[in-house]
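See structure below.
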Amino acid sequence: MTMWYLNLKNIALMFLGVLLIAVSIAGGIQYARVLKAAKTITEQTASIEELTKDKKDLQGQVDDYKADIAAAKKAQARQQAIQDFTATYWAQLQDFKTDVVMEASDEKILSDYTYYFNSHGLRRTQAGSGDSKARGKVLSSPGSTGADRPDNHRWTVRQLAANYLQLIDYILKYEETEKCYGQN
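Sequential numbering from 33 applies to the sequence shown in my numbering.
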């Protein structure tokens with residue numbers, strides 16, 4: 033009795049069966065790889081679209097920064113022009129000839145105004161003692177006020193003009209800064 037698997041015809045059928053199983057397994061593996069590749073392509077396409085959107089957003093920010101830098105440079109040029117004009121007026125102030133001294137009561141009022149400005153709106157009565165120093169001082173003051181002080185320590189018209197010029201310079205520069213940065 034011959035064994036059925038030794039028959040040539042059966043061997044060929046077994047070989048074809050094994051080959052069919054191997055091809056089916058290989059086809060299944062390839063199909064799984066194609067599905068995985070398709071999923072990867074879909075994920076990468078979504079990622080590319082998201083990155084493209086992010087790039088556009090970031091480019092918008094860069095454009096905004098460029099516009100801010102251009103505005104800051106213009107403001108800096110305008111502030112330099114203000115500084116140049118102020119320097120011209122400071123030079124003219126040195127030729128100021130009037131040395132008139134203010135009366136004590138007027139000087140007290142003007143000193144209070146100066147303190148009010150230098151202290152950013154804080155009145156002397158709110159600060160505690162009347163002679164406390166203001167922080168962030170812009171305008172200069174003659175010192176303490178009083179009728180018993182000699183005339184050379186009182187407010188002069190020159191000092192009043194200097195403070196007025198300093199105040200103009202300060203406000204003009206502030207307005208230019210506000211124009212530049214207040215837009216945003």
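Glycine residues also receive a C-beta, built at the ideal position from the N, C-alpha and C atoms.
Distance, Cα to Cα, residue i vs residue j?
i, j, result
"residue 98", "residue 139", "49 Å"
"residue 214", "residue 103", "11 Å"
"residue 48", "residue 87", "57 Å"
"residue 35", "residue 69", "47 Å"
"residue 65", "residue 90", "36 Å"
"residue 63", "residue 50", "20 Å"
"residue 200", "residue 85", "48 Å"
"residue 134", "residue 107", "38 Å"
"residue 150", "residue 142", "12 Å"
"residue 186", "residue 137", "11 Å"
"residue 74", "residue 61", "20 Å"
"residue 79", "residue 41", "56 Å"
"residue 162", "residue 212", "Its pLDDT being 48, under 50, residue 162 is placed unreliably in this model, and the value from its coordinates should be taken loosely. One C-alpha to the other measures close to 38 Å."
"residue 223", "residue 123", "No statement about residue 223 is possible, as the shown extent of the chain runs from 33 to 216 and does not include it."
"residue 67", "residue 96", "44 Å"
"residue 53", "residue 83", "44 Å"
"residue 45", "residue 55", "15 Å"
"residue 72", "residue 57", "22 Å"
"residue 164", "residue 100", "Any reading at residue 164 needs caution, since the residue's pLDDT is 48, under 50, leaving its predicted position unreliable; the model's value is listed next. About 40 Å."
Are the CB atoms of residue j and residue i within a distance shorter than 8 Å?
i, j, result
"residue 197", "residue 118", "yes"
"residue 188", "residue 132", "yes"
In the DSSP assignment, what residue or residues form a beta bridge with residue i?
i, result
"residue 188", "133"
Nearest chain B C-beta to residue i closer than 8 Å, yes or no?
i, result
"residue 56", "Absent from the structure is chain B; it holds one protein chain and no more."
Is residue i a contact residue of the ligand GDP, with contact defined as CB to any heavy atom under 7 Å?
i, result
"residue 43", "Ligands displayed in this structure: none; no statement on the ligand GDP is therefore possible."
Q. Taking contact to mean at least 3 C-beta pairs separated by less than 8 Å, is the region 125 to 139 in contact with the region 190 to 204?
A. yes
Q: Please determine if the region 201 to 212 and the region 103 to 122 are in contact, where contact requires at least 3 C-beta pairs separated by less than 8 Å.
A: yes
Q: Return the chain-ordered ranges of every alpha helix (DSSP H) run that is complete within the region 74 to 132 and spans a minimum of 4 residues.
A: none
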